[in-house]
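Numbering (the numbering used here), first residue to last: 1218 to 1584. Ideal Cβ positions, reconstructed from N, Cα and C, are used throughout, including at glycine. Each remark here refers to the structure printed beneath this line.
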């Protein structure tokens, strides 16, 4: 009996423990479920002006290092992240205005230096300064890509790179001791070439003209035409108007044709060397054809002793006549003068032959 009672007691204890364990397990699971809480979205804390200014100061220092060509010490990933944070924290204007002010400061230094540079070095210094500026703005643009995509487009401002070109134009190029001197030096170099002086400045001239065209394309402005092309074309017309008249007055028609062909070839090579735009090339060609060919076409045909009409009478002048025709063919309307001269010569010779036959001055077989 005692053994049976003990066994019954043990079973009861085990049952109670199982019940307690199961209850404890359910309680633990319930507690665990209570701990899974979805917290509400917490808004980003707005960056204050002082913090934004501190970040901008670090970016400004980085721009200084880029200008000084110390970019190897910079982390462009970090700089991009800083500029990104300024924009998303509504400090895009601080960033944009700060970059404009910083770049302007460096360009003012450049303008001051160039304004006191001697003429002999000015073209090269301007070309170098612009190349350096483009390199700087390319690197700064890479840092500010997010600002260009968002703040700039929303605010209708110029993009970082175009703003940089705009600042170079207004601060450096249009400085009263830079633009006028550079333009004069460009035109003077071309005038020296036309006068026969050898020059090694073509690469520099090309860089300056390329700079003006790049600024024009970026801003849709007329800097190239205003500060070079218009004056260049005007002086070209004056030069060839005077030279062609003076040369023709003291030389034969054949000599003039040779001279004109050489001038046309020289201008063609100059156009290629300076990479002048099509608009300038077209106007230049029109001026050359007018001043070298069209304006003197009748004189070249009728000149005493050497004009086309005289060459027609000399069988040894076939090459000279061919050269004149090749020149006139560049202006199709001038070919009519050659045609008229040829027609008059044929008529005149034909009448002479008939008159000689009628007078018996020539035998029938010769006629």
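Scanning 1295, 1528, 1510 for the CA closest to the CA of residue 1550 turns up 1510.
Burial check for residue 1380: the Cβ neighbour count within 10 Å reaches 16 or more, so the residue is buried. In this structure, residue 1388 and residue 1435 do not form a Cβ contact; the two beta carbons are roughly 15 Å apart against a cut-off of 8 Å.
By the 16-neighbour rule on beta-carbons within 10 angstroms, residue 1409 is exposed. Taking every protein chain shown into account, the CB of residue 1319 has 16 or more other CB atoms within 10 angstroms, so this residue is buried.
If you draw a straight line from the Cα of residue 1558 to the Cα of residue 1477, it is about 21 Å long. Only residues of its own chain outside the window of five on either side were considered, and among them 1336, 1339, 1340 have a CB closer than 7 Å to the CB of residue 1402, listed in chain order. Fully contained in the stretch 1503-1541 are the following alpha helix (DSSP H) runs of length 4 or more, in chain order: 1514-1519, 1525-1528. Contact check for residue 1501 against residue 1562 fails: the beta carbons are separated by 8 Å or more. Looking at the backbone, the Cα of residue 1486 and that of residue 1366 are separated by about 43 Å. Here residue 1301 really is in contact with residue 1363; their C-beta atoms are around 5 Å apart, less than 8 Å. In this structure, the CA atom of residue 1433 is about 13 Å from the CA atom of residue 1390.
Here residue 1395 carries a coil assignment [DSSP, helix/strand/coil]. In this chain, the alpha helix (DSSP H) harbouring residue 1377 covers 1377-1384.
Counted as a single uninterrupted DSSP element, the alpha helix (DSSP H) harbouring residue 1266 occupies residues 1266-1284.
Judged by DSSP in its simplified three-state form, residue 1351 adopts helix. Inter-residue distance for residue 1276 and residue 1378 is about 16 Å (C-alpha atoms, whole angstroms). Per DSSP, the unbroken alpha helix (DSSP H) holding residue 1309 starts and ends at 1309-1332. Taking 8 Å as the cut-off, the Cβ atoms of residue 1361 and residue 1343 do not count as close. For the pair residue 1445 and residue 1385, the CB atoms are not nearer than the 8 Å cut-off. The continuous alpha helix (DSSP H) containing residue 1451 extends over residues 1447-1467.
In this structure residue 1465 is in contact with residue 1473, their Cβ atoms being roughly 5 Å apart against a cut-off of 8 Å. Shown here, residue 1567 sits in a helix according to DSSP, grouped into three states. Your pair residue 1554 and residue 1518 checks out as a contact, with CB atoms roughly 5 Å apart and the cut at 8 Å. Look at residue 1481 here: in three-state DSSP terms it is helix. Straight through space, the alpha carbons of residue 1488 and residue 1480 are spaced by roughly 12 Å. In this chain, the alpha helix (DSSP H) harbouring residue 1305 covers 1293-1305. Boundaries of the alpha helix (DSSP H) around residue 1434: 1419-1436. Apart from the 5 residues on each side of it in sequence, residue 1447 has no Cβ closer than 6 Å to any other Cβ in its chain. One Cα belongs to residue 1507, the other to residue 1468, and the distance between them is close to 20 Å. DSSP places residue 1416 outside both helix and strand once states are collapsed to three, so it counts as coil. Within the same chain, Cβ atoms closer than 6 Å to the Cβ of residue 1306 are found at 1264, the five residues on either side in sequence being excluded.
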